[in-house]
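Notes follow the structure.
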Amino acid sequence: MRLLGEILRESFGVSAESIEAALAVQREKGGRIGEILVQLRRIGESDLLNARSQQCGLEVVHTLPTDFAPFFVSHVPIGFLKKFKMVPVATPAESYIAVAEPFYFQQLDDLQRRIQWEGIKTVLTSPNEVFVAIHAAYNMTRQEVADQVMQDMDEDNPESILSEIEETSDLLDDTSDAPVIKLVNLVLSQAVRDSASDVHIESYKDRVKIRKRVDGILYDMYSPPRHVQGKLISRIKIMAKMDIAEKRLPQDGRIEIRIADKNIDIRVSTLPTSFGERVVMRLLDKSASLVPLTDLGFSAEDLDHFLKLIRAPHGIILVTGPTGSGKTTTLYSALGIINNPDINIITVEDPIEYQMQGISQVQVNPKIGLSFANGLRTIVRQDPDVILVGEIRDLETAEIAIQAALTGHLVFSTLHTNDAASAITRLIDMGVEPFLVSSAVNAILAQRLVRKICPYCREAYVPTDTFLEKVGLSPAEFAGRELYRGAGCAQCLQTGYKGRIGIFELMSLTPAMKGLILTTSDAGQIKEQALASRETGMMTLRQDGLRKVLSGQTTLEEVFRVT
Numbered sequence: 047m048r049l050l051g052e053i054l055r056e057s058f059g060v061s062a063e064s065i066e067a068a069l070a071v072q073r074e075k076g077g078r079i080g081e082i083l084v085q086l087r088r089i090g091e092s093d094l095l096n097a098r099s100q101q102c103g104l105e106v107v108h109t110l111p112t113d114f115a116p117f118f119v120s121h122v123p124i125g126f127l128k129k130f131k132m133v134p135v136a137t138p139a140e141s142y143i144a145v146a147e148p149f150y151f152q153q154l155d156d157l158q159r160r161i162q163w164e165g166i167k168t169v170l171t172s173p174n175e176v177f178v179a180i181h182a183a184y185n186m187t188r189q190e191v192a193d194q195v196m197q198d199m200d201e202d203n204p205e206s207i208l209s210e211i212e213e214t215s216d217l218l219d220d221t222s223d224a225p226v227i228k229l230v231n232l233v234l235s236q237a238v239r240d241s242a243s244d245v246h247i248e249s250y251k252d253r254v255k256i257r258k259r260v261d262g263i264l265y266d267m268y269s270p271p272r273h274v275q276g277k278l279i280s281r282i283k284i285m286a287k288m289d290i291a292e293k294r295l296p297q298d299g300r301i302e303i304r305i306a307d308k309n310i311d312i313r314v315s316t317l318p319t320s321f322g323e324r325v326v327m328r329l330l331d332k333s334a335s336l337v338p339l340t341d342l343g344f345s346a347e348d349l350d351h352f353l354k355l356i357r358a359p360h361g362i363i364l365v366t367g368p369t370g371s372g373k374t375t376t377l378y379s380a381l382g383i384i385n386n387p388d389i390n391i392i393t394v395e396d397p398i399e400y401q402m403q404g405i406s407q408v409q410v411n412p413k414i415g416l417s418f419a420n421g422l423r424t425i426v427r428q429d430p431d432v433i434l435v436g437e438i439r440d441l442e443t444a445e446i447a448i449q450a451a452l453t454g455h456l457v458f459s460t461l462h463t464n465d466a467a468s469a470i471t472r473l474i475d476m477g478v479e480p481f482l483v484s485s486a487v488n489a490i491l492a493q494r495l496v497r498k499i500c501p502y503c504r505e506a507y508v509p510t511d512t513f514l515e516k517v518g519l520s521p522a523e524f525a526g527r528e529l530y531r532g533a534g535c536a537q538c539l540q541t542g543y544k545g546r547i548g549i550f551e552l553m554s555l556t557p558a559m560k561g562l563i564l565t566t567s568d569a570g571q572i573k574e575q576a577l578a579s580r581e582t583g584m585m586t587l588r589q590d591g592l593r594k595v596l597s598g599q600t601t602l603e604e605v606f607r608v609t
C-alpha cells in the first residue's frame, strides 16, 4: 500500500518541505501526517479525504444525509459506531456503510453481520460526517419518544430525580429510566447537534416552552405540560450544583458534559417569574477550534488594516456590538495571530470561552472580590505585553485599561455600543477624560453576525423594485443583478441559512479624529469624520453587509435585520 505522504506529494502538489514540517510535528507531538498537514493549513480536508480514497480504494462521499432510516439503533450500541467511526446509511436511493477509518476490517465485518448487510458497499467520509450521521440517527429515535417521555413524567416520582445526580461520561450513552433525565438529555443532545448557542426553558400559565437559539434565531423545541416544570428545573439545578430549594432568588451555575466527541461547558442562569422559574443555558463547545481571522468575514482591505493594528506596540483596540455578535471570537482570533513565545499575553474574562495554549487566562469571580478592575490592576504588575479585558463595564476598569495602554501595553477589550463612533461617546460618558481617550485608543471595530445562505439550497433571484425601495435602496443600482437566497432544505432545518459570518465597521483614530474628540463627544460628528477620512476609508456595517449580499454570502433581509 502506498504511503499517504507519497500520494499527497504526487497527486496534490504538497511540497517536500510541507511533508518534512508535518513529520517534525509528528515526531514531537505524535498524530497522523494527513491531519497534521490540515492543521498546518498545507492541504484542505477534502484533499486529505481524496488522498485517503486513493490509498484504500474506496469511493468518497463528502456529505452524508441526515434523514436516513435509523433501523440499526436498537441492534448496535452507539459507543461501537463512535469508537470505530462507521455508520450504516439507508436511503430510498442507495444503501452503504460510511467509514472514516477504513482499516477496521474486523469491526466492519461485525457490523455487517449484526445488521445483516453482508457484502454491502463501503464508502469513505470524514470523521465529522460520521459523528453527525450517528447523532442524527440516535436523536431521531429520541425525537420519536419525546412525547412518550413527557407522558411518563406524569407517573415519575420526584424523589427519583435526587437519586440520579451523577453524570455519565456521554449524554448519548445515558440509559437512565427516569423520564425527567431522558428529557434533559434529549434537549441538550439535540441543541448540541443543531449547534445551538442557548437553550431557554420558559414558564407560562399552562405550558412550559423549551426553545433553542441557532445562528442567533430562537426556534421552538418542545412544549411539555405545566406540571413538568418543577421536575425539569430541579434536574438542571442538580446538574449545575445549585440550590433546588431556593426558588425566589436568581441563581447561576455551571455544567460540564460530553456529547460524543464534543466537550460542552454550559452556563446556567435561573430567574424567578410570575409563573415559576425561567432557565437559560448558554452552551460553549470547549473542543471547538479557534476560527482563523481570515475566515471571520473581513474584506481584504479591512483585514490588512486590522492585522497592522493588532501588531502595534501599545494602545487600545476596542470591539463593540451587542451580546452574541462575535466580539470575543474576533479578539481570540487576533490573539491567535500574535501569540508566540516572545510575548506575554494575559486575559481577564467572564467567562473564559476559549482555552488557548501559551496564554494566561484569569476568570472573574465577583463572589470573592475578583472583578475586572481588580484582575486588571494585578495583571499590569505581571509584566504583560498584551492584555485582553473581557469587557469594560465601569469607569475604574476603563481608567486602568487606558493607563496600561499609555504605559506601553497593547490592550484588547469590548464595549456594548451600536457602532464604532458611539464607543468614544460611551467612554467619555463613563467619565474618562477626552484627552485620555484620544491618546490611548488606536481603533474601534464594530461588528454584527449575519446568517450565511445555505450552500446546499442556494438559488439565484432578481429582487423586485418594490422590495428594494422598501429597504431604501435604489432599483437602478441593482438593475439586472442577481442576488441569492436559500430555498430551505434538511441541511439548514428548512431556514435557508447555515452558519454565520461577520460584517464589520473598522474605525482607526487618525490625528484629525483625535483632535475632534478633544472638542466634541458627538458620535455623529465623529462618524462623519471617519467616513470622510482618506487615510482609513471606513465602511459602515450596512455598506459591508451589502457588499456581502452582492457577493452571494448573505441576504438583504439579514443585513437589514441586524443593522
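For the sequence shown, our numbering gives the first residue as 47, with consecutive numbering after it.
Even glycine gets a Cβ: it sits at the ideal position worked out from N, Cα and C.
Treat the numbers as computed from the prediction; the structure is a model and nothing was measured.
So what does DSSP say about residue i, is it helix, strand or coil?
| i | result |
| --- | --- |
| Pro134 | strand |
| Gln540 | coil |
| Lys228 | helix |
| Asn174 | helix |
| Phe550 | strand |
| Arg472 | helix |
| Tyr268 | strand |
| Leu234 | helix |
| Val595 | helix |
| Arg324 | strand |
| Leu110 | coil |
| Phe458 | strand |
| Asp511 | helix |
Pull up the distance between the alpha-carbon of residue i and that of residue j, whole angstroms please.
| i | j | result |
| --- | --- | --- |
| Ser656 | Gln428 | The requested residue 656 is not part of the displayed model; the chain covers only 47 to 609. |
| His108 | Leu377 | 32 Å |
| Glu603 | Leu495 | 13 Å |
| Leu461 | Asp396 | 14 Å |
| Thr171 | Leu110 | 8 Å |
| Glu523 | Pro509 | 11 Å |
| Glu175 | Pro368 | 33 Å |
| Gln100 | Leu157 | 24 Å |
| Ser320 | Pro359 | 53 Å |
| Asp155 | Gly103 | 18 Å |
| Ser371 | Leu50 | 41 Å |
| Asp245 | Gln236 | The sequence given here has Val at residue 245, not Asp. Cα-Cα distance, rounded: 10 Å. |
| Lys228 | Ile547 | 34 Å |
| Phe126 | Ala179 | 14 Å |
| Glu442 | Gln589 | 35 Å |
| Ile425 | Ile433 | 8 Å |
| Gly561 | Lys498 | 39 Å |
| Gln162 | Pro134 | 11 Å |
Please list, in chain order, all residues of the same chain as residue i whose beta carbon is under 8 Å from its beta carbon, the five residues on each side excluded.
| i | result |
| --- | --- |
| Leu353 | Leu339, Ile383 |
| Pro501 | Lys544 |
| Glu605 | Per the sequence shown, the amino acid found at residue 605 is Val instead of Glu. Taken in chain order, the residues that qualify are Val496, Ile549, Arg588, Gly591, Leu592, Lys594, Val595. |
| Met132 | Ile143, Ala144, Val145, Ala146, Glu147, Tyr150, Gln153, Leu154, Leu157, Val176 |
Let me know if residue i comes out buried or exposed under the rule of 16 or more other beta-carbons within 10 Å of its beta-carbon.
| i | result |
| --- | --- |
| Asp465 | buried |
| Val233 | buried |
| Pro412 | exposed |
| Met516 | The question names Met, but residue 516 is Lys in the sequence shown. Exposed, since its Cβ has fewer than 16 Cβ neighbours within 10 Å. |
| Pro387 | exposed |
| Gln152 | exposed |
| Asn231 | buried |
| His627 | Because the chain spans 47 through 609 in this model, residue 627 falls outside it and cannot be assessed. |
| Phe344 | buried |
| Glu105 | exposed |
| Tyr265 | exposed |
Between residue i and the rest of its own chain, which residues show a CB-CB distance below 6 Å, the 5 nearest in sequence each way excluded?
| i | result |
| --- | --- |
| Val84 | Glu91, Leu94 |
| Asp298 | Ser315 |
| Met288 | Gln297, Gly299 |
| Ala467 | Ala569, Ile572, Lys573 |
Output the boundary residues of the alpha helix (DSSP H) element that contains residue i.
| i | result |
| --- | --- |
| Phe352 | 346-356 |
| Asn390 | Taken as a continuous stretch (DSSP letters only), Asn390 belongs to no alpha helix (DSSP H), as it is neither H nor E. |
| Ala242 | Note, Ala242: premise wrong, no alpha helix (DSSP H); not H, not E. |
| Tyr420 | Here residue 420 turns out to be Asn, not Tyr, going by the sequence shown. It spans 418-425 - the alpha helix (DSSP H) in which Asn420 sits, taken as one unbroken run. |
| Arg159 | 151-160 |
| Thr374 | 373-384 |
Between which two residues does the beta strand (DSSP E) holding residue i run?
| i | result |
| --- | --- |
| Ala506 | 504-507 |
| Gln297 | 297-305 |
| Gln407 | 406-409 |
| Thr601 | From DSSP, Thr601 is part of no beta strand (DSSP E); its letter is neither H nor E. |
| Thr319 | 308-319 |
Within 9 Å (strictly less), CB to CB, does residue i reach chain C?
| i | result |
| --- | --- |
| Leu456 | Of the protein chains in this structure there is only one, and it is not chain C. |
Residues in its own chain within less than 7 Å of residue i by CB, not counting five upstream and five downstream?
| i | result |
| --- | --- |
| Ala447 | Ile362, Leu422, Val435, Ile438, Val457, Ser459 |
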